[in-house]
Amino acid sequence: MKYHELNTSAKNAKKRVGRGIAAGGGKTAGRGTKGQRSRTGKKLRPTFTGGQLPLVQAVPKLRGFKSKRIPAQVVYSDELNAIKSAKIDNFTLFEAGLISTPHHTVKVIARGDLTSKATIEIAAMSASVVKQLEKNGGKFTETAVPLPKSTKKDKPEKAKK
Numbered sequence: 002m003k004y005h006e007l008n009t010s011a012k013n014a015k016k017r018v019g020r021g022i023a024a025g026g027g028k029t030a031g032r033g034t035k036g037q038r039s040r041t042g043k044k045l046r047p048t049f050t051g052g053q054l055p056l057v058q059a060v061p062k063l064r065g066f067k068s069k070r071i072p073a074q075v076v077y078s079d080e081l082n083a084i085k086s087a088k089i090d091n092f093t094l095f096e097a098g099l100i101s102t103p104h105h106t107v108k109v110i111a112r113g114d115l116t117s118k119a120t121i122e123i124a125a126m127s128a129s130v131v132k133q134l135e136k137n138g139g140k141f142t143e144t145a146v147p148l149p150k151s152t153k154k155d156k157p158e159k160a161k162k
């Protein structure tokens with residue numbers, strides 16, 4: 002059976018209950034017999050459990066804390082040796098495939114030896130890597146994370162009167 006072959010109508014008429022026994026939904030009108038839910042005008046909230054301790058209070062509270070901060074993308078110092086560029090920034094690392102997006106914080110962490118003597122302009126670098134870089138003749142500059150370019154079109158300037 003395909004979706005377009007289903008025999009359904011878009012508008013189902015609302016069932017009219019409480020119009021007598023012959024109409025099919027008479028007497029108790031589908032509410033059962035007696036009790037709080039059979040009466041008119043009595044609305045019960047979804048969490049109502051019959052007067053006992055509500056389920057919301059009975060379930061233990063979720064402890065702890067969840068940080069909404071996005072962690073920095075990690076690049077290891079020995080991976081920088083493969084980049085043959087005088088200036089290394091987020092976009093250079095992205096093109097080299099070392100980070101997933103150039104628009105997040107990047108931190109270089111020590112692993113192995115750093116032989117590059119490039120100028121590195123990223124958000125963060127461990128102190129030991131900065132020492133290795135300066136020993137090789139390179140330079141580290143802490144810079145802000147580049148923002149993505151807007152996809153909105155520029156508004157046309159209004160003609161001056």
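Residue numbers for the sequence shown follow the numbering used here, beginning at 2 and rising by one.
Just so it is clear, CB atoms sit at the ideal spot from N, CA and C, and this is done for glycine as well.
Please read all numbers here as calculations on a predicted model, not as lab measurements.
Straight-line gap, residue i to residue j (C-alpha atoms, nearest Å)
i, j, result
"L45", "K35", "15 Å"
"G65", "V57", "18 Å"
"G31", "A23", "14 Å"
"I89", "I110", "15 Å"
"P157", "E6", "50 Å"
"S10", "G19", "25 Å"
"S68", "P61", "21 Å"
"M2", "G98", "47 Å"
"V130", "L94", "16 Å"
"T48", "Q37", "15 Å"
"A59", "Y4", "44 Å"
Same chain, Cβ closer than 7 Å to residue i, five either side skipped, listed in chain order
i, result
"G21", "G27"
"G33", "S39"
"M126", "K108, V109, F141"
"T50", "L56"
Own chain residues within Cβ distance below 6 Å of residue i, not counting five before or after
i, result
"G139", "K118, A119"
"E122", "D90, T142, T144"
"I84", "A97"
"K12", "none"
Same chain, Cβ closer than 8 Å to residue i, neighbours up to 5 away in sequence not counted
i, result
"A87", "A119, T120"
Sheet register partners of residue i (DSSP bridge)
i, result
"Q74", "V107"
"T142", "E122"
"D114", "Paired residue(s): none; D114 is not in a bridge."
"K88", "T120"
Beta-carbon separation (whole angstroms), residue i vs residue j, contact threshold 8 Å
i, j, result
"N91", "P147", "6 Å"
"R112", "D79", "5 Å"
"A124", "E96", "Between E96 and A124 the Cβ distance is about 17 Å, and since that is not below 8 Å, they are no contact."
"N137", "T116", "6 Å"
**Asked** Touching or not, the segment 94-106 and the segment 65-81, by the rule of three or more beta carbon pairs under 8 Å?
**Response** yes
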